[in-house]
Ligand SMILES: Nc1ncnc2c1ncn2[C@@H]1O[C@H](COP(=O)(O)OP(=O)(O)OP(=O)(O)O)[C@@H](O)[C@H]1O
Ligand SMILES: [Mg+2]
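The following block contains the structure:
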């Protein structure tokens, strides 16, 4: 019971170290693995996004270039005269439409910005564009793709215009690109579920409509992030579309993965974005797997730790139990000697008062006898009771005396007279002394003395005391179990390991319970009735055997019998 | 017969003396070895019952002194703790018996009687020897000790 607390703390220490020590590297591996994988997954996601965006840009650039070359082809193969009427223009327009239906209209302008011919859904003929920004631009550069603007028609569109010089005079061919078609084409980027693409101009205004709300020509809230000159595709791994969806606060914090690239045909920035959650959805699945592994792994570690701790503790308990019992045996041996001396002292002190009781009793007895003689006591019954009490006093003093005698004997530690003893002769001598008693109780006494048995080193008197004690105990146990029939007492002697001789006294008596077997060597432990046994027999034996540098063991089975084994050092002179 | 009991247990002295007196013995008591030795000088003691373990000079020493001063006085050792060596020692120093407490009073009396008988025998022998001596050398007067015989 007193071990419970240290046990608990030990359990805690072992358990925590058994859990923590594997857990730390395990978690480290998990986390490192997770982070590396996360990075590589992210990189791959970003790379694939870049690839898609690059492809997309090429497609848009190609589209713009083709539309431009369409117009250049027309302008190179026609003269101003052949196109300056709307009818002629219509014919060309229809041809153009067969190449690309992205052309909404076609118009021809003279040097002064006058719209001389037009074919298309609007009525723009005769309007003067001299001050329009695109007109100025094309007059200067020769080829111009405009930003999206509202223009006279008040509808967002952009145009491609090309100037041609003919006999000192310039004229201009212009076509409007179908906003819807362009929009669709730009927007038709497929990246995950939330992917979208749009174009902003140098001022950050939407040139196409993003899928997620906002109108063309509105400014992109994140334009300040994107609008910077760069080559190739640039990615931003975390762009918060703060303020993107007005009035949709839950979407406000959506984090985006963004890739941008400048078009080649026109200083427009292609922006592709995808919600991060969506972009890295593979990562999430991966995270779940890692989490699962972590949980299962931890559970396994904890389980194993608990399991092993239990076993370890059991083992430790076993070992410390063994150690404790070893220790207690040692303590036992030294204590026995001390106890012996102490007990002898006590016994001595007790004997003095016992002697006084004796004397007093004798005196009383004497006086009583006198009184009786003189007929001073006439009550016969009282007299008898008194005499009975007197006798009891003698008996009880006698009993005390036998205890003190036994204690004194026990405490007596005379130096043993060590000599070589030939057990072939010695054992029969001793069994001889008990053969009468055994015979009366119907106990068959057997001796099995191995021929190889060497002499032992010991004190004859002491060894006799030990064996007689063991025999007497055995006879008692046998009597208790069998009465006067069927008892068996066997003494076997044989050489044992480490130059020793083993004397085993085996009986088929009552046996000793597990509980008692630990105590039988303790002084005063007895199961006999009060007054019948002192409980010193075995402790004396133990002390003696110890003194002879031998060992003493017991094994017993309740209802089967008991074997006491005494090992004594063999004589160096070998066999006698 | 005069008995001297030397023991440090007063009550033992008291009740044993009372009992022995009632039984008709002449009993003296002393509670230490020194007192016992004094008494031995004063009175004619035949048998001493001597406790071994006592404060002061102790039983063994008392035995030695008694035997030195009064060789014919019989000493019965009485002890609460009897080891064989001790008993052998005591007998070697001239004790006539070695009894272990507790002993019944009747047993004790038995031992005392035996010792006394032995002393008588011994004294008679000595007296006879002295008489012969006296016959041969009437001038030499050498008493063996300061005691004279006095029967119970
Ligand atoms: N051979 C045996 N079979 C069964 N029990 C035994 C045997 N030997 C000893 N014991 C048990 O061990 C106890 C202690 O034995 P031990 O010899 O020390 O004292 P005891 O026999 O009781 O008293 P004492 O020896 O003074 O008669 C006994 O009371 C008995 O219960
Ligand atoms: Mg016993």
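Chains as they are written, first to last, in the numbering used here: chain W, 1 to 576; chain G, 1001 to 1152. Don't be surprised by glycine CBs; every beta carbon is placed ideally from N, CA and C. As the structure is a prediction and not an experimental result, all values here were calculated from the model.
Residues of its chain near residue i, where Cβ-Cβ distance is below 7 Å and the 5 sequence neighbours each way are ignored
{"i": "residue 148(W)", "result": "156, 157, 158, 207, 216 and 217"}
{"i": "residue 1008(G)", "result": "1031, 1032, 1051, 1054 and 1055"}
{"i": "residue 509(W)", "result": "474, 477, 478, 480, 481, 561 and 562"}
{"i": "residue 494(W)", "result": "450, 453 and 502"}
{"i": "residue 1013(G)", "result": "1005, 1007, 1029 and 1031"}
{"i": "residue 1096(G)", "result": "1074, 1075, 1076, 1115 and 1118"}
{"i": "residue 519(W)", "result": "525"}
{"i": "residue 85(W)", "result": "117"}
{"i": "residue 169(W)", "result": "111"}
{"i": "residue 559(W)", "result": "511"}
{"i": "residue 130(W)", "result": "112 and 113"}
Partners in chain W for residue i, counting only beta-carbon separations shorter than 8 Å
{"i": "residue 1223(G)", "result": "The structure shown does not extend to residue 1223(G), since chain G is modelled only from 1001 to 1152, so the question has no answer here."}
{"i": "residue 1053(G)", "result": "348"}
{"i": "residue 1081(G)", "result": "344, 347, 348, 351 and 408"}
Cutoff 8 Å; reference residue i; Cβ partners in own chain excluding five residues on either side
{"i": "residue 247(W)", "result": "Per-residue confidence for residue 247(W) stands at a pLDDT of 46, beneath the threshold of 50, marking its modelled position as unreliable; the derived number appears in the next sentence. Excluding residues within five positions, none has a Cβ falling inside 8 Å."}
{"i": "residue 199(W)", "result": "60, 186, 206, 207, 208, 263, 268, 269, 270 and 271"}
{"i": "residue 1036(G)", "result": "1004, 1006, 1030, 1048, 1050, 1062 and 1066"}
{"i": "residue 465(W)", "result": "540, 541 and 544"}
{"i": "residue 397(W)", "result": "354, 357, 358 and 361"}
{"i": "residue 433(W)", "result": "468"}
{"i": "residue 575(W)", "result": "The predicted model places residue 575(W) with a pLDDT of 49, which falls under 50 and marks its position as unreliable, so this point remains unresolved."}
{"i": "residue 33(W)", "result": "290"}
{"i": "residue 12(W)", "result": "none"}
{"i": "residue 430(W)", "result": "464, 467, 468 and 471"}
{"i": "residue 2(W)", "result": "Any reading at residue 2(W) needs caution, since the residue's pLDDT is 44, under 50, leaving its predicted position unreliable; the model's value is listed next. Same-chain partners within the cutoff: there are none."}
Beta-bridge partners of residue i, as assigned by DSSP
{"i": "residue 109(W)", "result": "115(W) and 172(W)"}
{"i": "residue 1011(G)", "result": "For residue 1011(G), which the question treats as bridged, DSSP gives no partner whatsoever."}
{"i": "residue 557(W)", "result": "561(W)"}
{"i": "residue 157(W)", "result": "149(W)"}
{"i": "residue 506(W)", "result": "490(W) and 563(W)"}
{"i": "residue 219(W)", "result": "205(W)"}
{"i": "residue 569(W)", "result": "500(W)"}
{"i": "residue 103(W)", "result": "177(W)"}
{"i": "residue 1004(G)", "result": "1028(G) and 1048(G)"}
{"i": "residue 143(W)", "result": "162(W)"}
{"i": "residue 530(W)", "result": "The partner list for residue 530(W) (beta bridge, DSSP) is empty, contrary to what the question assumes."}
{"i": "residue 198(W)", "result": "271(W)"}
{"i": "residue 495(W)", "result": "501(W)"}
{"i": "residue 551(W)", "result": "567(W)"}
Cβ shell of residue i (< 6 Å), same chain only, five flanking positions each side left out
{"i": "residue 249(W)", "result": "Residue placement at residue 249(W) is flagged as unreliable, the pLDDT there being 46, under the threshold of 50; a coordinate-derived value is accordingly withheld."}
{"i": "residue 1025(G)", "result": "1003"}
{"i": "residue 227(W)", "result": "204"}
{"i": "residue 122(W)", "result": "153"}
{"i": "residue 424(W)", "result": "449"}
{"i": "residue 538(W)", "result": "520 and 521"}
{"i": "residue 243(W)", "result": "The predicted position of residue 243(W) is uncertain, since its pLDDT is 47 and thus under 50; no value can be drawn from it."}
{"i": "residue 420(W)", "result": "455 and 571"}
Contacts that residue i makes with chain G (C-beta to C-beta distance below 7 Å)
{"i": "residue 401(W)", "result": "1102"}
{"i": "residue 397(W)", "result": "1102"}
Closer than 8 Å at the beta carbon, the chain G residues around residue i
{"i": "residue 343(W)", "result": "Within chain G, no residue comes near residue 343(W); the closest Cβ sits about 11 Å away, beyond 8 Å."}
{"i": "residue 540(W)", "result": "In chain order: nothing, as chain G lies at least about 15 Å away."}
Taking only runs of the beta strand (DSSP E) that begin and end inside the segment 233–314 of chain W, which ones reach a length of at least 3 residues, in chain order? 233–240, 255–262 and 269–275
For the segment 1009–1039 of chain G, enumerate the residues whose C-beta is nearer than 8 Å to any C-beta of chain W, in chain order. 1009, 1011, 1012, 1015, 1016, 1018, 1019, 1022 and 1023
Can you list, in chain order, the residues of the segment 358–372 of chain W whose Cβ is nearer than 7 Å to any Cβ on chain G? 358, 359, 360, 362, 363 and 366
Return the chain-ordered ranges of every beta strand (DSSP E) run that is complete within the segment 387–467 of chain W and spans a minimum of 3 residues. 419–421, 443–449 and 456–458
Ignoring anything shorter than 4 residues or poking outside the segment 1007–1086 of chain G, list the alpha helix (DSSP H) runs there in chain order. 1010–1022, 1033–1042 and 1058–1069
Where in the segment 1084–1139 of chain G do unbroken runs of the beta strand (DSSP E), each at least 3 residues long, occur, reported from the N-terminal end onward? 1097–1100
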